[in-house]
Every structure is written in structure tokens, then in C-alpha cells.
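In the numbering used here, the protein residues as written are 1 to 365. First up is the structure itself, then whatever we jot down about it.
Below, the structure written as C-alpha cells:
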């Protein structure tokens, strides 16, 4: 998000590029461009550091604005859209479908923030589970809405040549550049809401891992006044500060390398889900998925199929060496975390024993 923010704002301020710093992978990095991302990172880190309530208020306001922009886009499509612009509905055959599929994991990541922050949500767990499903369905409907409305705005060749098709489509639908600028501001709101939720969920995840001993106890420190995992938030915010310094190409690298990890995480979660359904049928489940084995098996197969698309020789193969280095570093960090886990044998109370053992180990480090 720290890279997407300045890249999106270029539409509103195309002359924003000033102060050449260095070149990364053939792309020039500008001081003004990087500064926008850095300032955004500082602001979002501070917002989450000072408490959940300020972050929640900001999220509510930004989402309402984003929904308003979406309503404008839909209304513009109804009034000024052309059905002929939607033709042809499919292009590129299988390659076209695959090109969209590889972006899907990144489009649907972030919903894990809901269970990760469940301790701070004053709702029954069963209702939280239902809201998670509703959120995924709503996001799907949103993406479909954007594709149909933008597709109806301009001919396909014009959209393909556009730097920001959604904004140009909005301008065409309403006959004014002002509406394209409003849509870009809606895009900025979308970036900031995603950034806000990611920072909230990731910091709580690091806090939980540190509390259980899988990460250093430093990450489990709670701010005495704001009651937030301050150290975890500052650490993640610090990483966000670095991303813009690598330029706009970093956005592509992170999306691609992150997409692989997301798909593999999906796969491991579904496998764990199936194993627990079989080994622990009496486990307390506040939210029980209907048709669990079938849904879990289907999700596992689809996740594995998506992961294959990123392998060398496939249409969405990762770029060497940049994306493979990011992926490798991420997995090495994961291996280091796993190596911290004590060895616990299988059994009815294996989970409780593992948690107790990791906490004892974490307290001693």
C-alpha cells in the first residue's frame, strides 16, 4: 500500500516526480514519489498506534466515501454506459483467464483480519464467522460491479491503452474529468482502508505469535496507555517506510511474491481444516462450515492449482531474481519461526501442551 498510494496519486498530480534518487530494475525512484509513501506509512502507523477506536473511526469514514464513489460509478454506467463496449466478453482464451486468476489471491486477502482481531470485536463468534462470509461475498460483488461499469464506459482498445482505466471510464461516463479525479480519491480511500486493516490484523497476529513464544516477547508488549501492541505496530510500520524507496516496481514484486504465499497459506489452512474435522470431531466450533469435507477438499484443490500458475514456465511465473528473493526471504523467516517450536507428540491435548511449551520457551528468551 505504501507503493500503491503514490502511484495512484500520480493521476491527480502527474508532475509530482521530482528529485531523482536512484534506479531500481530500470525504474527511476524520485524523492517526491517516495516521500508520499513514507508520509502515508507514518500516518497509518500513528493512527493504529494510538488505539483501535481512531483506526475504526477512520475506517468507517473512508469506507462510506468509497461506497459513495462506487454508487457514482454505477449510476454513471446506467446513464452513460454502452452495452456494446462490453463486447467481447472474453478475450485471450485460457491465457486471459489465467492472467486474471493470478491476481485473485491478492484481491481476496485481508479477510483474515476479522478473526485475527476477534478478541477486540464485541460480537458472538458465530456472528463473526457469518460476517466473514458476507464480507467475501460483498467483495466479489464489488469487483464484478467495477468490471461491468468500467467495461461499459469505453471501447476495449481505449481502456487497454489507459494508465488508469477506471478513472478514465468514470470521466467518460459523466463527461467530466472532475469525476475521474473523484474516483481516484475513492481509490486512495480503498488503499488506506486496506492498509489500515492489514496493519491492524498483522500487528495482532504478531502479538499472538509473540505471546505464545513463536516470536520474541518484545512484539507482545502492550502500550500502557493506548492498549495496542505498540512494538509490533512500529515494526510493521518501519517495514512500510522502506517499500517506497524501491520504486513502483516493488508493487509488482510484492503482489506476485505475496500472491504465492497467500495461495500456499490458503492451501495449508484448508488442509488443517480437513485434518481437524477428522481428528477432532468434538472440538468446540462456534461457527461450523456446512458440508465441511467437500468444501475443504474443493478449496484445497483450487488453492494448489492456483499455486502451480506461479511456477517457472507458467504464464504467471515469478520474476527472477527479485520476486524469488522476496519469496525465499519470507519463507526463511517462517522456517526460523518453526524452528523455535518445541517438539510435541500427537494426542488429545497436543494443542494445549504446545501452547504451554512455547510460552515457557518464549518467557525464557
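The C-beta atom is built at its ideal place from N, Cα and C for all residues, glycine as well. No experiment lies behind these values; they were computed from the predicted model shown.
Alpha carbon of residue 251 to alpha carbon of residue 4, nearest angstrom:
Translated into the one-based positions of the chain shown, residue 251 becomes position 251. Translated into the one-based positions of the chain shown, residue 4 becomes position 4. Cα to Cα, the separation comes out at about 7 Å.
Please classify residue 11: does DSSP put it in a helix, a strand, or coil?
Against the chain shown, residue 11 aligns to sequence position 11. Note: residue 11 maps to coil in three-state DSSP.
Give the secondary structure of residue 364 by DSSP, where H, G and I count as helix, E and B as strand, and everything else as coil.
In the chain shown, the residue the question calls residue 364 occupies position 364. Low per-residue confidence applies at residue 364: pLDDT is 49, beneath 50, and the placement is therefore not dependable, though the value from the model is reported in the following sentence. In this structure, residue 364 counts as helix in the three-state DSSP scheme.
Output the residue ranges of the alpha helix (DSSP H) runs that lie fully inside the stretch 154-234 and measure 4 residues or longer, sorted by chain position.
156-161, 165-174 and 177-211
Integer Cβ distance of residue 18 from residue 31, believed to fall under 8 Å
Against the chain shown, residue 18 aligns to sequence position 18. Against the chain shown, residue 31 aligns to sequence position 31. Correct: roughly 7 Å between the Cβ atoms.
Assign residue 60 to one of two classes, buried (16 or more other C-beta atoms within 10 Å of its C-beta) or exposed (fewer than that).
Locating residue 60 in the chain shown gives position 60, counting from the first residue. It is exposed - the Cβ of residue 60 has fewer than 16 other Cβ atoms within 10 Å.
Just the Cα atoms here: how many angstroms apart are residue 9 and residue 38?
Position 9 of the chain shown holds residue 9. Position 38 of the chain shown holds residue 38. Those two C-alpha atoms are separated by around 14 Å.
Please state whether the Cβ-Cβ distance between residue 266 and residue 128 is less than 9 Å.
The sequence position of residue 266 within the chain shown is 266, counting from 1. The sequence position of residue 128 within the chain shown is 128, counting from 1. No; because the gap between Cβ atoms is not below 9 Å, this pair is not in contact.
In three-state terms, what does DSSP make of residue 91?
For this step, residue 91 is matched to residue 91 along the chain shown. DSSP places residue 91 in coil when its eight states are reduced to three.
If we require 3 or more residues per run, which beta strand (DSSP E) segments fall completely within the stretch 18-78?
20-24 and 27-30
Cβ atoms of residue 21 and residue 34: under 9 Å apart, would you say?
As a position in the chain shown, residue 34 is number 34, starting the count at 1. As a position in the chain shown, residue 21 is number 21, starting the count at 1. It is a contact, given that the beta carbons lie within the stated cut-off.
Please state whether DSSP places residue 317 in a helix, a strand or coil.
Looking up residue 317 in the chain shown gives position 317. In this structure, residue 317 counts as coil in the three-state DSSP scheme.
With distances taken Cα to Cα, identify the nearest neighbour of residue 102 among 317, 133, 326 and 322.
Taking the chain shown and counting its residues from 1, one reaches residue 102 at position 102. Among 317, 133, 326 and 322, the Cα nearest to that of residue 102 is on 317.
Rounded to the nearest angstrom, how far is the Cβ of residue 206 from that of residue 224, given a contact under 8 Å?
The residue labelled residue 206 in the question sits at position 206 within the chain shown. The residue labelled residue 224 in the question sits at position 224 within the chain shown. About 19 Å; that fails the 8 Å criterion.
Where residue 58 and residue 50 are concerned, what is the direct C-alpha to C-alpha distance, given to the nearest angstrom?
Translated into positions along the chain shown, residue 58 becomes position 58. Translated into positions along the chain shown, residue 50 becomes position 50. The alpha-carbon atoms of residue 58 and residue 50 are separated by roughly 13 Å.
Return the chain-ordered list of same chain residues with a C-beta closer than 7 Å to the C-beta of residue 12, the five sequence neighbours on each side being excluded.
Here residue 12 refers to the residue found at position 12 when the chain shown is read from its first residue. These residues qualify, in order along the chain: 181 and 184.
Report the residue from 262, 199 and 142 whose alpha carbon sits nearest the alpha carbon of residue 240.
By 1-based counting over the chain shown, the position of residue 240 is 240. Out of 262, 199 and 142, 199 has the C-alpha closest to the C-alpha of residue 240.
Other residues of its chain near residue 256: CB distance less than 6 Å, five sequence neighbours each side excluded
Within the chain shown, the letter at position 256 stands for residue 256. Excluding residues within five positions, the ones whose Cβ falls inside 6 Å are 318 and 323.
Check each candidate in 235, 196, 226 and 197 and name the one with the smallest Cα separation from residue 215.
Looking up residue 215 in the chain shown gives position 215. Nearest of 235, 196, 226 and 197 to residue 215, Cα basis: 235.
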